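*Asks:* What follows is a single structure, and I will ask about it in a moment.
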Amino acid sequence: QNMRNSKLKDVRNQWKDSRFFFGKNKVMTIGLGKTKETEYKDNLHKLSNRLYGQCGLLFTNKSRKEVVKWFDRYVEIDYARSGTVATETVVLDAGPLPDFPHSMEPHLRQLGMPSSLQKGVVTLLRDYEVCKEGVALTSEQARLLKLLGNQMSEFKITLDAVWESDGYFEEYVPFVRPEVSEKTDDSVKRRKSKRSKNKKSKEVVETKEEEEMSEDNDDEEAEQMTDDDDD
1 QNMRNSKLKD VRNQWKDSRF FFGKNKVMTI GLGKTKETEY KDNLHKLSNR
51 LYGQCGLLFT NKSRKEVVKW FDRYVEIDYA RSGTVATETV VLDAGPLPDF
101 PHSMEPHLRQ LGMPSSLQKG VVTLLRDYEV CKEGVALTSE QARLLKLLGN
151 QMSEFKITLD AVWESDGYFE EYVPFVRPEV SEKTDDSVKR RKSKRSKNKK
201 SKEVVETKEE EEMSEDNDDE EAEQMTDDDD D
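Going by UniProt numbering, the first residue of the sequence shown is number 1, and it counts up by one from there.
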């Protein structure tokens, strides 16, 4: 959740005796085995079927209980990014903003804050709502929150399932693969119609070019014949 490379690097350092693997899901699925007939070991196909979206594999010799306990407790607070849903409403009162140097004032205005420089001090001209709880942040709001030192995002790693070498498999989170919408007949017809129109347009252009080339050749031949007659 809220993937951060720097945070993930810290987790790797704390699990040096284990191995994290993040790769293309299709490649990992093939390695583990897509079906019962092609799986590398018993029940691995159940694990490979869960490889969808942003996910990875952890290979470890630690006990299942120890792994679950550690990841249940692990959470790191970080700055929210664009698209993250605000966890609280942040409102700034009108007046001086002494925490910001005067050189920051133009940048704050670019991010949407109604500010100005008054006697060399960054000043908010009116009360300003930076973000609202429950509403996704824009890129400007996310940058403002970072400048204000407000961290709204949580970096967590959720354990979805476990597989052990004896074939034991357990799901911690029920998994439902998102359905891919099937192409309707209408959409296929529209696509074919568009291709047909493009093809016809191309043929018309080519025909015009051929006609122009033919006319140019006729003109050249006519000029040549005129020159010969003059001679």
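The C-beta atom is built at its ideal place from N, Cα and C for all residues, glycine as well.
Treat the numbers as computed from the prediction; the structure is a model and nothing was measured.
Looking only at its chain, what residues have a beta carbon closer than 6 Å to the beta carbon of Phe169, apart from the 5 residues adjacent to it on each side?
*Replies:* Excluding sequence neighbours, Phe169 sits near Asn43, Lys46, Trp163.
*Asks:* Can you tell me the Cα-Cα spacing of Gly120 and Lys132, whole angstroms?
*Replies:* Taking the straight line from one Cα to the other gives about 30 Å.
*Asks:* Let me know the alpha helix (DSSP H) ranges lying completely inside the region 105 to 155, each 4 residues or longer, listed in chain order.
*Replies:* DSSP runs (the alpha helix (DSSP H)) wholly in the region 105 to 155: 105 to 110, 139 to 147.
*Asks:* Is it right to say Gly95 is buried, meaning 16 or more other beta carbons lie within 10 angstroms of its own, or is it exposed?
*Replies:* Under this definition Gly95 is an exposed residue.
*Asks:* Does DSSP put Ile157 in a helix, in a strand, or in coil?
*Replies:* In the structure shown, Ile157 sits in coil (DSSP, three-state: anything other than H, G, I, E or B).
*Asks:* Measuring alpha carbon to alpha carbon, tell me which of Phe20, Leu51, Asp10 ends up nearest Gly33.
*Replies:* Considering only alpha carbons, the answer is Leu51.
*Asks:* Considering only C-alpha positions, which residue in the set Lys36, Val85, Asp93, Arg12 is nearest to Leu137?
*Replies:* That would be Val85, whose Cα lies nearest to the Cα of Leu137.
*Asks:* Do Tyr79 and Ser153 count as a contact pair if the criterion is CB distance below 8 Å?
*Replies:* Yes, they are a contact pair.
*Asks:* For the alpha helix (DSSP H) containing Asp10, list its first residue and its last residue.
*Replies:* Run containing Asp10: 5 to 14, per the alpha helix (DSSP H) assignment.
*Asks:* Taking the beta carbon of Ile30 as the centre, do at least 16 other beta carbons fall within 10 Å, making it buried, or is it exposed?
*Replies:* Counting Cβ neighbours within 10 Å, Ile30 comes out exposed, since fewer than 16 surround it.
*Asks:* Helix, strand or coil: which one does DSSP assign to Arg19?
*Replies:* In this structure, Arg19 counts as strand in the three-state DSSP scheme.
*Asks:* Near Arg12, which residues of its chain fall below 8 Å by C-beta distance, leaving aside the five closest residues on each side in sequence?
*Replies:* Correct list, in chain order: Phe20.
*Asks:* With a 10 Å radius around its C-beta and 16 neighbouring C-beta atoms as the bar for buried, classify Leu125 as buried or exposed.
*Replies:* So Leu125 counts as exposed.
*Asks:* Which of the three DSSP states, helix, strand or coil, is assigned to Val67?
*Replies:* Correct three-state label for Val67: helix.
*Asks:* Can you give me the Cβ contacts of Lys183 inside the same chain, cut-off strictly under 7 Å, excluding the 5 residues immediately before and after it?
*Replies:* Its pLDDT being 46, under 50, Lys183 is placed unreliably in this model, and the value from its coordinates should be taken loosely. Closer than 7 Å at Cβ, skipping near neighbours: no residue.
*Asks:* Can you tell me whether DSSP reads Gly53 as helix, strand or coil?
*Replies:* Of the three classes helix, strand and coil, the one that applies to Gly53 here is coil, per DSSP.
*Asks:* What are the start and end residues of the beta strand (DSSP E) that includes Val91?
*Replies:* Looking at the DSSP string, the run of the beta strand (DSSP E) that includes Val91 is 90 to 92.
*Asks:* Going by DSSP, what residues sit across from Val75 in a beta bridge?
*Replies:* Bridge partners of Val75: none, in fact.
*Asks:* Determine the direct distance from the alpha carbon of Leu8 to that of Ser63, and round the result to whole angstroms.
*Replies:* Distance between the alpha carbons of Ser63 and Leu8 is about 21 Å.
*Asks:* Have a look at Asp17 and Asn25 and give me their C-alpha separation to the nearest angstrom.
*Replies:* Their Cα atoms are separated by approximately 24 Å.
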